[in-house]
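Have a look at the structure below, then the notes.
Number of protein chains: 2
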Amino acid sequence: MPHEPADLDTVLGKAVTILRAFTVDDQVLSLAELVRRTGLPKATVHRVAGDLVTNRLLDRTNLGYRLSGGLFELGMRASVERSLLELAMPFLQDLYERTHETVHLGVREGHDVVYVAKIGGHRQAKTPSRPGGRMPVHCTAIGKILLAFSDPEVQQEVLSSPLERRTPHTIVAAGLLERQLNAALENGVAFEREESAVGLQCVAAPVLAEGGDRALAAISVTGPVGRFRPEAHVTLVRAAAQGLSSLASRRRSLSS
Amino acid sequence: MPHEPADLDTVLGKAVTILRAFTVDDQVLSLAELVRRTGLPKATVHRVAGDLVTNRLLDRTNLGYRLSGGLFELGMRASVERSLLELAMPFLQDLYERTHETVHLGVREGHDVVYVAKIGGHRQAKTPSRPGGRMPVHCTAIGKILLAFSDPEVQQEVLSSPLERRTPHTIVAAGLLERQLNAALENGVAFEREESAVGLQCVAAPVLAEGGDRALAAISVTGPVGRFRPEAHVTLVRAAAQGLSSLASRRRSLSS
DNA sequence: GATCACCGTACCGGTCAGCGGGACGCTGGG
DNA sequence: CCCAGCGTCCCGCTGACCGGTACGGTGATC
């Protein structure tokens with residue numbers, strides 16, 4: 001389940017429900033739309049949204065409400081993502097410069113991967129991912145490598161839940177997926193071939209925690225079928241991920 | 001004023017007060033520390049922080065509280081910053097690849113510049129800026145160019161307020177600053193020479209709104225005195241900023 | 001230009017979520 | 001041993017929050 005109900009009997013619960021009603025590609029939502037999405041009474045949304053505006057978490061435009069810059073600031077202070085991002089940037093940078101293909105950094109959250117960074121040039125392949133966005137673990141290279149280097153129980157959790165089909169190539173058979181995960185664990189790389197979007201392929205390698213058997217995050221390179229062969233970039237991606245791993249384990253940035 | 005009091009007689013106000021108690025380089029704050037910073041009663045902080053945890057805006061660790069990954073996700077959905085970032089990345093990317101110096105993207109908020117993106121390699125100069133962080137407008141190249149392309153009233157507002165001295169080179173005389181702003185407006189570039197941090201220099205150019213007389217954002221290149229001469233990069237920075245300007249004005253991403 | 005659907009805004013009295021002073025147990029340092 | 005500082009919990013008071021309802025504006029449809 002994406003995220004549980006969030007207590008609607010409390011102001012705070014209503015507030016975050018409203019905030020979370022915005023998806024990655026909503027620019028601005030009208031009051032009515034917020035009412036529709038949240039299921040809250042109109043008067044309530046009106047009031048709470050107003051409070052959110054005075055508290056600078058929302059902006060008011062003549063078209064409706066929109067997540068504010070203050071929220072962006074706050075989000076960038078989230079310790080784990082922030083320090084991961086700062087450590088990772090130089091590596092992602094290098095990787096991009098050597099490949100000139102789209103480079104991703106992501107972490108796992110439940111059954112999804114959350115993208116922490118995405119860098120690409122003017123001619124980048126049109127990927128469905130966005131920084132701060134989510135994708136199901138089972139249909140992306142990043143997701144697979146993260147899952148391969150997760151606790152067996154969460155791995156099993158995902159394998160035993162229904163696997164949404166995103167494209168004709170999406171792997172929906174748990175058995176096949178499990179074999180790929182084992183291979184990924186063995187090789188330290190995972191692949192994706194048009195499983196999240198038609199026309200795209202991807203390689204990913206894990207950023208490992210101290211012990212070396214759990215992934216903190218993962219790095220990937222994505223490109224269009226045709227000019228791009230995932231196998232050709234295995235070494236580079238792996239090198240970047242390993243470099244970051246060893247740098248990260250020399251710092252504190254983990255735990256729960 | 002950075003941000004006004006935020007109504008403390010409301011749950012929401014207390015909640016954001018607690019969230020904003022975290023600065024860019026706080027990893028984790030104890031309950032007691034939060035009490036100290038917010039001035040709220042201990043019992044209240046304890047309860048509200050608890051609520052924030054159940055609503056996934058804070059994480060609980062054995063050392064204290066910390067801004068959660070959910071908050072990061074939310075922040076990345078802030079429309080203005082997000083779309084700006086997406087449009088800008090390829091340009092920042094190019095700029096970095098041609099200079100191999102630290103590249104920034106920033107917007108103005110009140111008397112501060114807020115950094116939206118920062119990219120640099122392994123050998124980057126050690127800058128005080130961080131993505132999501134703030135710096136005073138008057139002591140950075142980005143800040144100066146943003147101010148030069150702002151409404152005259154806000155420009156005057158800043159000029160007539162006390163200018164904090166950050167380094168021995170920080171410009172604290174309003175007259176001198178004003179002359180630099182005029183020059184910046186004329187040339188479409190601003191410079192900074194060790195005014196925010198000793199040993200660093202910087203060039204910045206504006207990302208202009210449709211009309212061409214107001215800046216939406218600004219791009220800069222920063223490097224260490226010695227190997228780095230700001231003048232040498234004027235053309236590149238300006239080109240990147242102009243490219244982004246024309247791209248941005250072909251989209252909707254402005255207003256208040 | 002009348003009707004209607006849908007929007008954003010405003011009102012207002014009942015009630016329960018939120019409040020915070022204070023007490024408690026734990027820990028570590030002097 | 002004591003004390004300072006921490007996190008947690010209790011509990012009765014009260015005003016912040018609630019949301020049904022009503023109102024004015026705006027655009028499409030006939």
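Protein sequence lines correspond, in order, to chains A and B. Residue numbers for the first sequence follow full-length UniProt numbering, beginning at 1 and rising by one. Residue numbers for the second sequence follow full-length UniProt numbering, beginning at 1 and rising by one. For each residue, glycine too, the CB sits at the ideal point set by N, CA and C.
First and last residue of the uninterrupted alpha helix (DSSP H) at A:R56: Where A:R56 is concerned, there is no enclosing alpha helix (DSSP H), given that its DSSP letter is neither H nor E.
Three or more C-beta pairs below 8 Å linking the segment 96 to 107 of chain B and the segment 216 to 227 of chain B: yes
Chain-ordered chain B contacts of A:E81 [CB-CB under 7 Å]: A:E81 reaches chain B at G69 and F72, counting residues in chain order whose Cβ is nearer than 7 Å.
Residues sharing a beta bridge with A:E192, DSSP: A:C202
Cβ neighbours of A:A190 in the same chain (closer than 6 Å, five flanking residues each side left out): Correct list, in chain order: A141, K144, I145, A184 and A204.
For A:R123, the three-state DSSP class (helix, strand or coil): coil
Nonlocal neighbours in the same chain, by C-beta distance under 8 Å from A:I171, ignoring five residues either side: H138, C139, L163, L177, Q180 and E195
Rounded straight-line distance, which links the Cα of B:V225 to that of B:L200: 6 Å
At least three beta-carbon pairs within less than 8 Å, the segment 36 to 51 of chain B to the segment 87 to 105 of chain B: They do not touch, by the three-pair rule.
Closest by C-alpha distance to A:E186, when choosing among A:V221, A:H169 and A:A148: A:A148
Any chain A beta carbon closer than 8 Å to B:G121: At least one C-beta of chain A is nearer than 8 Å to the C-beta of B:G121.
Limits of the beta strand (DSSP E) - the one that B:R108 falls within: T102 to E109
Neighbouring residues, chain B, relative to A:F149 (Cβ below 7 Å): None at all; the shortest Cβ gap to chain B is about 18 Å.
Which of helix, strand or coil DSSP assigns to A:L163: coil
Chain-order list of residues whose beta-carbon lies under 6 Å from that of B:A21 (same chain, five-residue window excluded): L34, R37 and T38
Straight-line Cα distance separating A:L52 from B:A15: The C-alpha of B:A15 lies about 11 Å from the C-alpha of A:L52.
8 Å Cβ cutoff, B:M135 in contact with chain A: No, B:M135 does not count as interfacial toward chain A.
One or two residues paired with A:I219 in a DSSP bridge: A:L105 and A:A205
C-alpha gap between A:I119 and A:A239, whole angstroms: Across the structure, A:I119 and A:A239 are spaced so that their CA atoms are roughly 18 Å apart.
A:A125 versus B:T10: straight-line alpha-carbon distance, rounded: 47 Å
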